[in-house]
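A short worksheet on the structure shown next.
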Amino acid sequence: MKAAYLKAPRQFEVREIELREIHEDEVIVDVRACGYCGHDNILASYHAKEWEPFGHEFAGVVSKVGGRVRGLVPGDKVCIETNMFDPLSDCARNGRPDLDTLPLGSSFMDLDKGHRGGMGFAEQVIVPGDLCVKFDGLSFEEACMIEPLGVAYDIVKTADIRLNDGVLVFGCGPIGLMAMKLAKASGARRIYAAQHAASAARCELAARYGADEMIFTDRQSLGDYAFEKGGVDRVLMTVPPKFMGEALGVMNAGGILSFAGISYNEPMVTFDSNKVHLDKLQIRGSNAIPALYFPMCIEMVKAGIVELKPLISHRMRLETLPEDLARYYSERDKAVKAVMVRD
Ligand SMILES: [Zn+2]
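The sequence shown runs contiguously to residue 358 in the working numbering.
Here it is in structure tokens:
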């Protein structure tokens, strides 16, 4: 069967590989859709020194079930959590499974190190049964975006948005756009979307996803923008960490900045600590490890609270993935989300 691999800088290859036998607690998922994530982009752009399989945002149909897997049968439609908290960990037992940030048990990402074969960009994938969340009533291309929607939900939850808040969404990629929609649904009154003007499709979608005002960060610095209340009450930040100081600079007293985004090359930041002290600001980290909230995200998409299909700017095929990704990279103005679909 076919599986895709990547290596920096931006090399992609589709290989013919053999799936190993599944263990008792695993299933085989026939992949029907897989999203290309910002993290895949980091791997492809500079982090992957060796060839490695990729794709963790996927959905498909269960085709084989190990003997000890509960609640799944062949034919079930599932989307996949990247990892899961250990229910026996102290934090889970203390009622905070979300704090089990190094889950040793079920992790789709770690499984890969055990020469399992491919990841989501493949015809079939071996997955721990515990990571499969069943769904109905969504298309597969929507279902593969439940994973990033869970990431967006975590950012919004972490920001603790209150009725009438002014919210700055810093970065209008797929996660930022989803978070924008959820922020509006959470009671934000005015949403400011900050994004480079060159990403035309992202700017256009921002209006559809709830932005009241657009700030083009390549033309104007945040500090020069005339915010209605002088600044903002909340920041949802998905741009690289080096922009944190700029975001903190436009926050109103008591503000909360919710940040998500791993940086391998520039994790250190500087900001005005007096501003944080005097204005009682909070910087809160959001991290979707362990993956949570899938059932709720499925419900929200079905209820129309957030639309996922408009985010797909590029549909790709496994067979032509290298060419399709090259096209995605070359069309920067159109690029929002690239999704592989299979019949
Ligand atoms: Zn992702």
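From the three backbone atoms N, C-alpha and C, an ideal C-beta is built for every residue, glycine too.
If you're wondering where the values come from, they're calculated on a predicted model, not measured in any experiment.
Heavy atom of ligand 1 within 7 Å of residue i beta-carbon
| i | result |
| --- | --- |
| Pro163 | yes |
| Asp94 | Note that residue 94 is Cys in the sequence shown here, rather than Asp. No, the beta carbon of Cys94 sits no closer than 7 Å to any heavy atom of ligand 1. |
| Glu157 | no |
| His71 | yes |
| Cys52 | yes |
Residue i (DSSP reduced to helix, strand or coil)
| i | result |
| --- | --- |
| Ile53 | Just to set this straight, residue 53 is Gly in the shown sequence, not Ile. Gly53: helix per DSSP, three-state reduction. |
| Glu28 | strand |
| Glu67 | strand |
| Ser345 | helix |
| Val16 | Note on residue identity: the sequence assigns Met, not Val, to residue 16. Of the three classes helix, strand and coil, the one that applies to Met16 here is coil, per DSSP. |
| Lys79 | strand |
| Tyr207 | strand |
| Cys94 | strand |
| Met315 | helix |
| Arg330 | strand |
| Glu228 | strand |
| Lys295 | coil |
| Gly269 | strand |
| Gly238 | helix |
| Ile43 | strand |
| Cys147 | strand |
| Ala59 | helix |
| Leu197 | helix |
| Gly165 | helix |
| Glu281 | coil |
| Gly276 | coil |
| Leu12 | The structure shown does not extend to residue 12, since the chain is modelled only from 16 through 358, so no value can be given for it. |
| Phe73 | strand |
| Asp248 | strand |
| Leu340 | helix |
| Gly300 | strand |
| Ser122 | strand |
| Ile37 | coil |
Distance CB(residue i)-CB(residue j) smaller than 8 Å
| i | j | result |
| --- | --- | --- |
| Leu251 | Ser273 | yes |
| Val227 | Asp180 | Note on residue identity: the sequence assigns Asp, not Val, to residue 227. Their beta carbons are not under 8 Å apart, which means Asp227 does not touch Asp180 by this criterion. |
| Leu323 | Val265 | no |
| Ile304 | Asn109 | no |
| Glu68 | Ala18 | Here residue 68 is Pro; the residue named in the question, Glu, does not match the sequence. Cβ atoms of Pro68 and Ala18: closer than 8 Å. |
| Gly269 | Lys290 | no |
| Arg83 | Asp145 | no |
| Gly188 | Thr253 | yes |
| Val148 | Pro310 | yes |
| Ile37 | Gly70 | no |
| Glu157 | Glu72 | no |
| Leu197 | Val321 | yes |
| Gly165 | Lys199 | no |
| Ile362 | Ala194 | Summary: the structure shown does not reach residue 362, with the chain confined to residues 16 through 358, and so no result is reported for it. |
| Lys92 | Asp55 | no |
| Ala209 | Thr173 | no |
| Pro282 | Glu28 | no |
| Asn267 | Gly245 | yes |
| Tyr308 | Tyr168 | yes |
| Leu87 | Val42 | yes |
Given residue i as reference, the closest of the options once Cα atoms are compared
| i | options | result |
| --- | --- | --- |
| Ile95 | Met124, Pro112 and Glu65 | Met124 |
| Leu178 | Phe155, Arg204, Glu157 and Cys159 | Arg204 |
| Leu21 | Asp45, Glu36, Leu34 and Tyr61 | Tyr61 |
| Ala48 | Met134, Gly202, Ile298 and Gly144 | Met134 |
| Asp175 | Gly202, Asp151 and Ala158 | Gly202 |
| Leu220 | Lys349, Asn302 and Phe258 | Lys349 |
| Gln26 | Lys149, Val321, Gly225 and Lys64 | Lys64 |
| Leu263 | Glu281, Leu293 and Met160 | Leu293 |
| Ile327 | Lys92, Asp287, Val46 and Cys52 | Cys52 |
| Thr32 | Glu138, Asp91 and Met315 | Here the sequence assigns Ile to residue 32, which means Thr is not the residue at that position. When each option's Cα is compared against that of Ile32, the closest is Glu138. |
| Gly186 | Ala241, Lys317, Phe100 and Gly276 | Gly276 |
| Ala74 | Asp101, Phe100, Val88 and Val46 | Val46 |
| Gln297 | Lys317, Pro89 and Met259 | Met259 |
| Lys360 | His329, Val142, Ile313 and Cys218 | With the chain covering only 16 through 358, there is no way to say anything about residue 360. |
| Pro102 | Leu117, Met315 and Ala213 | Leu117 |
| Met355 | Phe100, Arg111, Phe155 and Gly90 | Phe155 |
| Ile57 | Ala318, Pro255, His211 and Asn302 | Pro255 |
| Ala216 | Arg234, Tyr343, Ser104 and Ser122 | Tyr343 |
| Leu237 | His211, Ala59, Ser301 and His329 | His211 |
| Gly319 | Pro89, Arg85, Leu153 and Leu333 | Leu153 |
Residue-chain proximity (residue i, chain B), Cβ-Cβ < 8 Å
| i | result |
| --- | --- |
| Val284 | Of the protein chains in the structure, only one exists, and it is not chain B. |
Cβ-heavy atom distance, residue i to ligand 2, below 7 Å
| i | result |
| --- | --- |
| Gly188 | Among the ligands modelled here, namely ligand 1, ligand 2 does not occur. |
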